[in-house]
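In our numbering, the protein residues as written are 1 to 218. Every residue gets a Cβ at the ideal spot worked out from N, C-alpha and C, and that includes glycine. Computed from a prediction, not measured in an experiment: that's the story for all the values here. For reference, the structure discussed in these notes is given below.
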């Protein structure tokens with residue numbers, strides 16, 4: 001197969017954003033009188049959008065009914081707007097792989113369940129505005145991953161078939177998205193989740209390091 005495009009998840013795939021997510025969520029929890037949660041908890045809370053993130057955090061703090069979800073969401077959103085770049089950095093090797101994909105003629109995109117404005121903020125700050133051909137975060141217009149809508153919209157915009165797209169991500173949600181969209185799922189092992197989760201959810205290839213992604217083009 002000749003691949004013409006590559007779609008990347010953001011959190012845990014392109015960039016290590018775990019500290020920013022945990023820091024912002026914990027600040028919101030503490031404002032409402034809840035305790036802060038350990039950083040590693042957020043490896044499993046993140047990935048399905050801000051609302052699911054805070055539902056999981058509230059449940060871990062004892063609010064299993066999420067009775068204060070409506071109260072905490074605007075608090076979290078306001079904090080995250082200011083703190084979304086807290087200790088964020090691209091993973092080693094990612095910028096070089098993105099440049100190599102572009103040099104080989106592929107279009108590259110970001111598809112994230114992070115709020116759309118914050119997705120654009122992070123991509124702009126880390127990679128500038130010229131590298132990616134398309135950037136899409138969570139909006140009300142497109143159902144969040146694992147629904148394939150966002151991935152299929154990117155393929156449509158790029159005028160490529162879904163099967164001509166690589167899809168790279170670090171969670172079950174990403175692999176399910178790729179499978180549902182008919183794209184080639186690459187699970188990355190430097191992110192938030194483990195090998196078995198990726199394999200169980202449809203990863204056809206596992207990338208130990210970013211450069212492994214380029215092996216699919218040979």
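Selected residue, minimal CA-CA separation from residue i, among the options
{"i": "residue 118", "options": "84, 55, 69", "result": "84"}
{"i": "residue 22", "options": "101, 95, 13, 39", "result": "39"}
{"i": "residue 163", "options": "181, 111, 175, 173", "result": "181"}
{"i": "residue 112", "options": "166, 60, 79, 47", "result": "47"}
{"i": "residue 134", "options": "141, 149, 158, 143", "result": "158"}
{"i": "residue 201", "options": "146, 214, 217, 216", "result": "146"}
{"i": "residue 76", "options": "104, 88, 20, 100", "result": "20"}
{"i": "residue 144", "options": "26, 52, 17", "result": "52"}
{"i": "residue 80", "options": "24, 95, 41, 99", "result": "24"}
{"i": "residue 175", "options": "45, 161, 148", "result": "148"}
{"i": "residue 43", "options": "206, 216, 194", "result": "194"}
{"i": "residue 63", "options": "3, 105, 132, 32", "result": "32"}
{"i": "residue 196", "options": "41, 217, 172, 218", "result": "172"}
Cutoff 8 Å; reference residue i; Cβ partners in own chain excluding five residues on either side
{"i": "residue 93", "result": "209, 210, 211"}
{"i": "residue 154", "result": "5, 7, 109, 111, 134, 136, 165"}
{"i": "residue 61", "result": "29, 34, 35, 37"}
{"i": "residue 97", "result": "210, 211, 213, 214"}
Residue interval of the alpha helix (DSSP H) (run including residue i)
{"i": "residue 220", "result": "Here the chain has residues from 1 to 218 only, and residue 220 is not among them."}
{"i": "residue 210", "result": "Neither: residue 210 is in no alpha helix (DSSP H) and is coded neither H nor E."}
{"i": "residue 179", "result": "172–181"}
{"i": "residue 223", "result": "Nothing in the structure corresponds to residue 223, since the chain is present only between 1 and 218."}
{"i": "residue 42", "result": "42–45"}
Neighbourhood of residue i by C-beta distance below 7 Å, restricted to the same chain and skipping five residues each side
{"i": "residue 66", "result": "55, 58, 59"}
{"i": "residue 272", "result": "Given a span of 1 to 218 for the chain in the structure shown, any question on residue 272 remains unanswerable."}
{"i": "residue 115", "result": "50, 137, 138"}
{"i": "residue 13", "result": "168, 169, 170, 188, 191"}
{"i": "residue 185", "result": "167, 175, 178, 179, 202, 203, 204"}
For residue i, the first and last residue of its enclosing beta strand (DSSP E)
{"i": "residue 138", "result": "134–138"}
{"i": "residue 111", "result": "107–115"}
{"i": "residue 184", "result": "184–188"}
Which runs of the beta strand (DSSP E) at least 3 residues long sit entirely within the region 6–39? Give them in chain order.
Runs found: none.
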